[in-house]
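Residue numbers for the sequence shown, in mature numbering (1 follows the signal peptide of the UniProt record, and there is no 0): -25 to -1, 1 to 322.
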Amino acid sequence: MFLYASIFLSLLVALLAFYYTQTHSAMPSLAAIRQSNAAFFRSKPSVAADAPTAIFVGGTSGIGEGMALTYAKYTEGKSNIIIRIFASMPAPPGDGTSKLAREFVQCDATLMKNVHSATQTILSKYPQINYLVMSPGLVTLSGRDETHEGIDRKLAVHYYARWKFLHDLLPSLKAAEGKGEKAAVVSVMAAGHGGKIDLDDLGLKKGYSVSASMMTGPTYNDMMMESFAEQAPNITFIHTYPGFVRTPIGASSPSRALRIISHVFFPLVWPISVSNIECGEYTWSSVTTTATKPGAWRIGSRGEDLGKKNYFGGEVQRKKVWEHTVEVIRAALASPAPERPKAEVQK
Ligand SMILES: NC(=O)c1ccc[n+]([C@@H]2O[C@H](COP(=O)([O-])OP(=O)(O)OC[C@H]3O[C@@H](n4cnc5c(N)ncnc54)[C@H](OP(=O)(O)O)[C@@H]3O)[C@@H](O)[C@H]2O)c1
């Protein structure tokens, strides 16, 4: 028993040391990152003249929350912040005196119809958007779990909902860019940690597994950013891998096994993990510093450019994934709403 524990600990230490040297060598310090973020947000031409508007899809927790708080700090509150949230959070009371928005929009993003109505609400109020940050997510060990719209829930929040948000809000991002303001999109997923995709099984209807889903989401995110970058060449589209971030994602998993594992795993990786605020700084640095020109970028856990590292895309894949996504979302929006239980209808 002692022998096994020693081997396990030695392997873990070696793994952590390897990971640390891989991610920290030649990387700017957090203090330097903070300085460059602050300088970017101080320089007026880089943000909107008045109040830049940012949308945080999944901003109620973890990395999205860290991004929102970091952003609020650098813009000194002079910003419209809209946080897209899951059904669990009540809308904040407002005294109606502030001209700046702190708006919470309710939505379960597993359903494309919900995303559609949320984007229409946002578009009607915010014709100009500077930043769209998307980090809704969950971890689960369950198999394919379809909504009544025919999309697996995990792939829905990791990819299809993000695509739909970006697609619908693109006119507002283009409007900001058209006025000479900064416009950028960040999708926090797992750049550089995806895998080959099966073009005969897009959406994983036939070959769904936990690992297939984990490999597919990041590669679809790569394709998504590249396709939208083609349509809006003056906007920056960033897909990031955040590294190990101390968030409730494991502890709030629908899978009991993952909830238990996360209690053991997170303390073990604590030395190489970062807080959600630190991750917010690193991730913003991709916008403020790394992505020096518009287009599609893949960014690592310390805000560094990954280039084409572990890239599984290509022109054929991009075109097929785009056509597949358009069709899946069209079908989702056209699908009938599920029948309500009789008791509810009678009320
Ligand atoms: N944390 C890490 O170490 C790590 C590492 C690699 C990749 N990632 C990826 O980074 C992303 C963010 O992870 P995180 O650690 O920040 O997770 P988190 O703390 O659990 O936050 C997830 C966010 O997604 C929202 N969300 C979940 N289901 C939703 C739904 N159906 N509709 C709308 N919003 C929904 C949550 O809203 P509620 O709060 O309302 O539930 C929350 O705001 C995920 O895609 C994850 O896979 C994380």
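All C-beta atoms, glycine included, are put in the ideal place defined by N, C-alpha and C.
Whole-angstrom distance between residue j and residue i, CA atom to CA atom
i      : j      : result
Ala1   : Thr267 : 19 Å
Gln10  : Thr264 : 11 Å
Leu308 : Ser261 : 34 Å
Ser117 : Glu51  : 42 Å
Lys154 : Leu148 : 10 Å
Met200 : Trp245 : 31 Å
Arg273 : Gly170 : 14 Å
Ile204 : Ser162 : The question names Ile, yet the displayed sequence has Ala at residue 204. Distance between the alpha carbons of Ala204 and Ser162 is about 13 Å.
Asn209 : Gly192 : 25 Å
Ser188 : Ala166 : 14 Å
Gly39  : Asp280 : 20 Å
Ala47  : Asn12  : 12 Å
Val185 : Gly34  : 25 Å
Ser310 : Gly125 : 9 Å
Tyr49  : Gly41  : 12 Å
Glu290 : His142 : 19 Å
Ser276 : Gly218 : 5 Å
Phe241 : Leu113 : 16 Å
Val239 : Ser18  : 44 Å
Glu152 : Val32  : 20 Å
Lys181 : Glu314 : 26 Å
Collapsed DSSP secondary structure at residue i in the structure displayed
i      : result
Gln81  : strand
Met2   : coil
Gly153 : helix
Arg221 : coil
Gly255 : helix
Arg273 : strand
Tyr106 : strand
Asp143 : helix
Ile247 : helix
Ile57  : strand
Start and end residues, alpha helix (DSSP H) containing residue i
i      : result
Arg119 : Where Arg119 is concerned, there is no enclosing alpha helix (DSSP H), given that its DSSP letter is neither H nor E.
Phe212 : Unbroken run through Phe212 is the beta strand (DSSP E), 211 to 215; no alpha helix (DSSP H).
Thr300 : 290 to 309
Val244 : 231 to 244
Ala187 : 185 to 206
Thr264 : Thr264 -> no alpha helix (DSSP H), and no H or E assigned at all.
Val90  : 87 to 100
Same chain, Cβ closer than 7 Å to residue i, five either side skipped, listed in chain order
i           : result
Ala150      : Pro102, Gln103
Phe287      : Gly169, Gly170, Lys171, Ile172, Thr194
residue 324 : Since the first and last residues shown for the chain are -25 and 322, residue 324 lies out of range.
Ser230      : Thr115, Leu116, Ser117
Val220      : Gly37, Ile38, Ser248, Val249, Asn251, Cys254
Pro223      : Ser36, Gly37
Arg234      : Gly225, Ala226, Ser228
Thr122      : Thr85, Leu86, Arg128, Ala131
Ala232      : Leu116
Residues of its chain near residue i, where Cβ-Cβ distance is below 8 Å and the 5 sequence neighbours each way are ignored
i      : result
Lys139 : Met87, Val90, His91, Thr94, Ile304
Ala29  : Ala43, Tyr46, Ser54, Asn55, Ile56, Ile57, Ile104, Asn105, Tyr106, Leu107, Val108
Ala66  : Low local confidence applies: a pLDDT of 46 at Ala66 is under 50, so the model's placement there is unreliable, with the coordinate-based value given in what follows. Only Phe79, Gln81 meet the Cβ criterion.
Start-to-end residues for the beta strand (DSSP E) that takes in residue i
i      : result
Ser162 : 159 to 163
Gly169 : From DSSP, Gly169 is part of no beta strand (DSSP E); its letter is neither H nor E.
Ala47  : Note, Ala47: premise wrong, no beta strand (DSSP E); alpha helix (DSSP H) at 37 to 49.
Arg32  : It should be noted that the sequence gives Val, not Arg, for residue 32. Note, Val32: beta strand (DSSP E), 28 to 32.
Residues of its chain near residue i, where Cβ-Cβ distance is below 6 Å and the 5 sequence neighbours each way are ignored
i      : result
Ser237 : Gly225, Ala226
Ala271 : Met200, Glu201, Ala204, Phe212
Arg137 : Met109, Ser162
Residue i at chain B interface by Cβ criterion, 8 Å
i      : result
Val108 : Although the question refers to chain B, the structure presented lacks it and comprises just one protein chain.
Open item on the list: With three or more C-beta pairs closer than 8 Å as the rule, is the segment 200 to 214 touching the segment 90 to 99?
Closed with: Between the segment 90 to 99 and the segment 200 to 214 there are fewer than three inter-stretch CB-CB distances shorter than 8 Å, so the stretches are not counted as touching.
Open item on the list: Does the contact criterion of 3 or more C-beta pairs under 8 Å hold for the segment 253 to 260 versus the segment 284 to 298?
Closed with: No contact exists between the segment 253 to 260 and the segment 284 to 298.
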